[in-house]
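Peer 1: Sequence positions in the sequence shown follow mature numbering (1 follows the signal peptide of the UniProt record, and there is no 0) and run -20 to -1, 1 to 248.
Every residue, glycine too, gets a C-beta built ideally from N, C-alpha and C.
In this text, all values refer to a predicted model and were calculated from it rather than measured experimentally.
Handing you this structure, nothing more for now.
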Amino acid sequence: MTMTLFQLLAFAGFVGFVLSESRKYYLIHEMKAWNDALAYCRASHTDLAIIKSSDDMVRLQNEAQRQRFSSEAWIGLYNDINSWRWSFDNEPLGFENWDSIFQQPNNRDGHEECVAAFWYGRWYDAPCDTVLPFVCFDGLFRDSWKWINETNMSTIMWAPGQPDNKNDNELCGFVTNSQAADAPCSDTKPFFCYSDITGRKQTIRVKIQSKQDVNDPAFKAAILEKIKEKLMDHGMPENTTVNWLKQPGGVVFHKEEYNNNNDTEKKT
């Protein structure tokens, strides 16, 4: 590829891009268990609330303040204690050898996401920072807390002492004072739903110089990915869709001929 990639990225970085609110939150005052709240949000909105940035947290807080709400409410945070897999290639379990006498795995105190073995071979879950002898070959672990869209928990902080998995059955998350805590999924609470907001469309004009076929699908995909990375560096929301605008005939780029130096410039 002989295009001037640096110039392309610099151009994309200075293009005016209209950012818009990516999620809108709704506080629902009905008292529901976590799974019932999940079903309600998916039927009426997009899903139970996920919080992926500080901006999301501000929007959720604004919704609570608008309704003068200062209690606890479910969010789309959960702990999948059955997501055990091997560290090599993330292979799922094909064989289990948990110690049933000690009711393993039990996720004691809410932080047991790795696996060790007793001297007699039975498994138990333990905090991943536990210092133990080890056997080299493969390791067994599971996912920690994550959002309902299967992304890892981030941004939101745990309340002091949380999660604690009290009574070994606190697998769902709620928000209180802008912090997360765990509770039994059968508890009933108000809850936050969210809806994805369709942002304003912005068209970017790009000029490219290249000896390659710029309408080649692989070429277009590579350029589009670079443009998206640059726009995200400048604040574009991560759930924004970036696509090529096809011209009549289904092509993205067309040629511009310059007679003064015989250079050919391709643009969209």
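Report yes or no: do three or more beta-carbon pairs, one from the region 164 to 175 and one from the region 138 to 152, lie closer than 8 Å?
Peer 2: As far as the Cβ criterion goes, the region 164 to 175 touches the region 138 to 152, which means the pair count is three or higher.
Peer 1: Check whether the Cβ atoms of D105 and C94 lie closer than 8 Å to each other.
Peer 2: For D105 and C94, yes; Cβs fall inside 8 Å.
Peer 1: Return the Cβ separation of N62 and W103 in integer angstroms, given the expectation that the two are a contact with Cβ distance under 8 Å.
Peer 2: Actually they are not in contact, since the Cβ atoms of N62 and W103 sit about 14 Å apart, beyond 8 Å.
Peer 1: Assign Q159 to one of three DSSP states: helix, strand, or coil.
Peer 2: The answer is strand: DSSP assigns Q159 an E or B state.
Peer 1: Output yes or no for whether 8 Å exceeds the beta carbon distance between F13 and F172.
Peer 2: This sequence places Ala at residue 13; Phe is not what is there. Contact flag unset, no.
Peer 1: Can you look up W78 in the DSSP assignment and give me helix, strand or coil?
Peer 2: It is a strand residue.
Peer 1: DSSP has A96 in a bridge; who is on the other side?
Peer 2: For A96, which the question treats as bridged, DSSP gives the partners Y104.
Peer 1: When you compare only the Cα positions, how much space is there between A201 and H214?
Peer 2: If you take the alpha carbons of A201 and H214, they lie about 20 Å apart.
Peer 1: With a Cβ-Cβ cutoff of 8 Å, do D176 and T26 count as a contact?
Peer 2: Taking 8 Å as the Cβ cut-off, D176 and T26 qualify as a contacting pair.
Peer 1: Find the nearest neighbour of K187 within the set R3, F233, N157, judged by alpha-carbon distance.
Peer 2: The residue with the shortest Cα to Cα distance from K187 is F233.
Peer 1: Give every residue of the same chain whose Cβ lies closer than 8 Å to the Cβ of F98, excluding the five residues on either side of it in the sequence, and list them in chain order.
Peer 2: Hits under 8 Å: D79, Y104.
Peer 1: Distance check for Q47 and L225, CA to CA, integer angstroms please.
Peer 2: Near 42 Å, if we compare the C-alpha coordinates of Q47 and L225.
Peer 1: Would you kindly check if the distance between the Cβ of Q142 and the Cβ of A161 is under 8 Å?
Peer 2: Yes, they are a contact pair.
Peer 1: Does C21 come out as helix, strand or coil in the three-state DSSP assignment?
Peer 2: If DSSP states are grouped into helix, strand and coil, C21 belongs with the helices.
Peer 1: Using CA atoms only, rank isn't needed, just tell me which of T220, K235, R39, I31 is closest to Q131.
Peer 2: Residue identity differs from the one stated: residue 131 is Thr in this sequence, not Gln. For T131, the nearest C-alpha among the options comes from I31.
Peer 1: Quick one: grab the DSSP three-state call for G153.
Peer 2: Strand, per DSSP.
Peer 1: The beta strand (DSSP E) with K32 in it runs from where to where?
Peer 2: Here K32 belongs to no beta strand (DSSP E), and DSSP marks it neither H nor E.
Peer 1: Can you grab the Cα-Cα spacing for the pair E205 / T220, in whole Å?
Peer 2: Between E205 and T220, the C-alpha separation is close to 13 Å.
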